[in-house]
Amino acid sequence: MSSIAEDLVWLLLDDNSGEFLVDRGHVAFAVEVAALLDMAADLTEVTVGEMLADGRFGFTALRRNHLEDVLFRAAERGRTCAMPARRFGIFRMWSWPTLDFSGKRALRGSIRRALSDTAGTDVRTAVLIALLTAVHGMAAQWPDRQSDEVDRLAWRVLRAHPACREILDVVRRRTQADYAASFCGMVQPIFQRQPQW
83 MSSIAEDLVW
93 LLLDDNSGEF
103 LVDRGHVAFA
113 VEVAALLDMA
123 ADLTEVTVGE
133 MLADGRFGFT
143 ALRRNHLEDV
153 LFRAAERGRT
163 CAMPARRFGI
173 FRMWSWPTLD
183 FSGKRALRGS
193 IRRALSDTAG
203 TDVRTAVLIA
213 LLTAVHGMAA
223 QWPDRQSDEV
233 DRLAWRVLRA
243 HPACREILDV
253 VRRRTQADYA
263 ASFCGMVQPI
273 FQRQPQW
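Position 117 (the sequence shown) corresponds to 199 in this note's numbering; numbering is contiguous.
What follows is the structure in C-alpha cells.
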C-alpha cells in the first residue's frame, strides 16, 4: 500500500506537465504532516487524535523536508516520471508527469466516493481529503465541478472526522506562519528606515 504522503503529492501534480497544481510551499508542509501520519502503525481516528495531543505536529517537528524524497519514491514506483528540465534555460528543476493514469483515476474515484458517502469514509481517505483541502488542492482534482461545491463536500467529510479537521488546521496554521514570517522579513526593514530629508 502506498503512503499518504506519496498519494498526496501524486494527486497534486499535473498529469501532463508534472508541475504542482498548487503552491509548492503549501505542499511541503502537508507532506511533512503526512510523513508523520505514515509512521503510525494503525491509522485510526484515535491514533490521529493521540498524535495531535502529543504535539507531534508542532512547528519544531515539521523541520525535515520529505517532499523531494516522496517525489523520487513516486518515480521509482512507476507513478510518475522524473524529468530534468531547465526553467528559462538557466535554473535546473524537475518535472514529474504522471505515468500511471489508471491508478491516479482509481485514487480520485475513492475520494469521490468518500465525498458522496460520508458515513463510509475510512480515516486514511479522510486524512487525504483534509490535506488536499488544507493546500487548496481539492478543487484541482475535479475541474469540471465548481470549487465551492467540492469544498462543501470536503467539509462535510471533515465534520464527520474531527481529528482530520484538526490536521487541516495544523497545516494551514503552519503555512500561514511561514508566509507571515516571510512577509514580515521583507516588509519590516522598509518601515524601520528613517526618512532621509
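Glycine residues also receive a C-beta, built at the ideal position from the N, C-alpha and C atoms.
Keep in mind that this is a model prediction, so the values were computed, not measured.
Report the option in Asp199, His108, Ser85 whose CA atom is closest to the CA atom of Gly219. For the purposes of this step, residue 219 is identified with residue 137 of the sequence shown, where counting begins at 1. Looking only at Asp199, His108, Ser85, the smallest Cα-Cα distance to Gly219 is reached by His108.
Please report the Cβ distance between Ala236 and Thr257, rounded to the nearest whole angstrom; I am assuming they are in contact, meaning their Cβ atoms lie under 8 Å. To locate residue 236, count along the sequence shown from 1; it is residue 154. To locate residue 257, count along the sequence shown from 1; it is residue 175. Actually they do not touch by this definition, with Cβ atoms about 17 Å apart.
Beta-bridge pairing of Trp176 - partner residues as DSSP gives them: Residue numbering aside, residue 176 sits at position 94 when the sequence shown is read from its first letter. Bridge partners of Trp176: Pro166.
Helix, strand or coil for Leu214 per DSSP? Reading the sequence shown from its first residue, position 132 is the one you call residue 214. Three-state result, Leu214: helix.
Could you have a look at Leu103 and say whether DSSP puts it in helix, strand or coil? As a position in the sequence shown, residue 103 is number 21, starting the count at 1. Leu103: coil per DSSP, three-state reduction.
Can we count Ala110 as close to the ligand GDP, meaning its CB is less than 6 Å from some heavy atom? This structure does not include the ligand GDP; it has no bound ligands of any sort.
Are Thr162 and Leu149 touching if we call contact CB-CB under 7 Å? Start at 1 with the first residue of the sequence shown, and residue 162 comes out as number 80. Start at 1 with the first residue of the sequence shown, and residue 149 comes out as number 67. No, they are not a contact pair.
Please classify Met175 as buried or exposed, where buried requires at least 16 other C-beta atoms within 10 Å of its C-beta. For the purposes of this step, residue 175 is taken as the residue at position 93 of the sequence shown. It counts as exposed.
I'd like to know whether the C-beta atoms of Glu114 and Ala156 end up nearer to each other than 7 Å. Counted from its first residue, the sequence shown places residue 114 at position 32. Counted from its first residue, the sequence shown places residue 156 at position 74. Contact flag unset, no.
Rounded to the nearest angstrom, what separates Arg254 and Asp260 at their Cα positions? To locate residue 254, count along the sequence shown from 1; it is residue 172. To locate residue 260, count along the sequence shown from 1; it is residue 178. Going by the C-alpha atoms only, they are around 10 Å apart.
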